[in-house]
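J.: Going letter by letter, the sequence shown gives residues 1 to 199 in the UniProt record's numbering.
Glycine residues also receive a C-beta, built at the ideal position from the N, C-alpha and C atoms.
Note that this is a predicted model, so its numbers are computed, not measured.
Once you've had a glance at the structure underneath, I'll fire off some questions.
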Amino acid sequence: MPQGQPSVIPDDGLTTRQRRNRPLVVVHTGVGKGKSTAAFGLALRAWNQGWPIGVFQFVKSAKWKVGEENALRVLGASGEGGSVDWHKMGEGWSWVQRDQQMDNEEKAREGWEQVKRDLAAETYRLYVLDEFAYPMHWGWVDTDEVISVLRDRPGTQHVVITGRNAPEKLVDLADLVTDMSKVKHPMDAGQKGQRGIEW
């Protein structure tokens, strides 16, 4: 297996193995396509390692038939890798009118409360908090509380957060941050999203 070599060896008192295996906070943000796709790629790797996976979708509509959901559910039920639980926390929050948002704000807070309970119980080894940057950006969920909970989470739980406009405090806390930038997209030329590419 390819193994990257770190450019810096910190004086943190950890062995190489301890440092390698410490739990990570990963953030995929930016205006480009691929934030959730990259997170689900990590979920496939986690499944292969036999890790229990919890996916929490915070913005995409519960009515959407997301391709990654079907694939990961089938894999999770196969008995060959890790388990997969999929939680949908809203009804397309970023695409509804603001006066219809109150119920969605409450669902975001309820979703975060569930994530907090699962982190405290060490329910999963990998958490995919899909589009969770939005509830923080909009002020629906307190960013300082998120930082505190993630910083103090027990065990070896990895957390991946996706979404545009990730708060700077979250970026500062994270161990791995990728900012997806857009160079070109078919929608720029008037083409709508298509099967197998967007969903």
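With C-beta atoms as the reference, is R195 less than 8 Å away from L173?
T.: Taking the sequence shown and counting its residues from 1, one reaches residue 195 at position 195. Taking the sequence shown and counting its residues from 1, one reaches residue 173 at position 173. No, these two residues do not count as a Cβ contact at 8 Å.
J.: By the three-class DSSP mapping on this structure, what secondary structure does W140 have?
T.: If you number the sequence shown from 1, residue 140 lands on position 140. Correct three-state label for W140: coil.
J.: The beta strand (DSSP E) that contains T178, what's its start and end?
T.: As a working note, residue 178 is residue 178 in the sequence shown. From DSSP, the beta strand (DSSP E) with T178 extends over 176-179.
J.: Under DSSP, the beta strand (DSSP E) around K169 begins and ends at which residues?
T.: Walking along the sequence shown from the start, residue 169 turns up at place 169. Run containing K169: none in the beta strand (DSSP E); it sits in the alpha helix (DSSP H), 168-173.
J.: Just the C-alpha distance for D103 and R17, rounded to the nearest angstrom, thanks.
T.: In the sequence shown, the residue the question calls residue 103 occupies position 103. In the sequence shown, the residue the question calls residue 17 occupies position 17. Looking at the two C-alpha atoms, the distance is approximately 45 Å.
J.: Of all the options E168, V177, H158, V115, which has the alpha carbon lying nearest to the alpha carbon of N21?
T.: Here residue 21 corresponds to residue number 21 of the sequence shown, with the count starting at 1. Among E168, V177, H158, V115, the Cα nearest to that of N21 is on H158.
J.: Are the beta-carbon atoms belonging to V149 and V27 less than 8 Å from one another?
T.: Counting from 1 along the sequence shown, the entry for residue 149 is found at position 149. Counting from 1 along the sequence shown, the entry for residue 27 is found at position 27. No; because the gap between Cβ atoms is not below 8 Å, this pair is not in contact.
J.: If you reduce the DSSP assignment to three classes, tell me which class I161 lands in.
T.: Taking the sequence shown and counting its residues from 1, one reaches residue 161 at position 161. Here I161 sits in strand by DSSP.
J.: State yes or no: is the C-beta of W199 within less than 8 Å of the C-beta of G190?
T.: For the purposes of this step, residue 199 is identified with residue 199 of the sequence shown, where counting begins at 1. For the purposes of this step, residue 190 is identified with residue 190 of the sequence shown, where counting begins at 1. No, the pair does not count as a contact, with Cβ atoms beyond the cut-off.
J.: Which partner residues of I53 appear in the DSSP bridge assignment?
T.: Here the question's residue 53 lines up with position 53 in the sequence shown. In DSSP, I53 forms a bridge with V84, L126.
J.: Considering just the uninterrupted stretch of the beta strand (DSSP E) at V25, what are its terminal residues?
T.: To locate residue 25, count along the sequence shown from 1; it is residue 25. Element bounds for V25: 25-29.
J.: By the 10 Å Cβ neighbour count, where 16 or more other Cβ atoms means buried, how is P6 classified, buried or exposed?
T.: Here residue 6 is taken as the residue at index 6 of the sequence shown, counted from 1. So P6 counts as exposed.
J.: Just curious, the alpha helix (DSSP H) that E68 is in, first and last residue?
T.: Taking the sequence shown and counting its residues from 1, the one referred to as residue 68 is at position 68. Segment 67-77, the alpha helix (DSSP H) holding E68.
J.: Mark A108 as exposed unless 16 or more other C-beta atoms lie within 10 angstroms of its C-beta, in which case mark it buried.
T.: Working through the sequence shown from its first residue, we reach residue 108 at position 108. Answer is buried; the Cβ neighbour count reaches 16.
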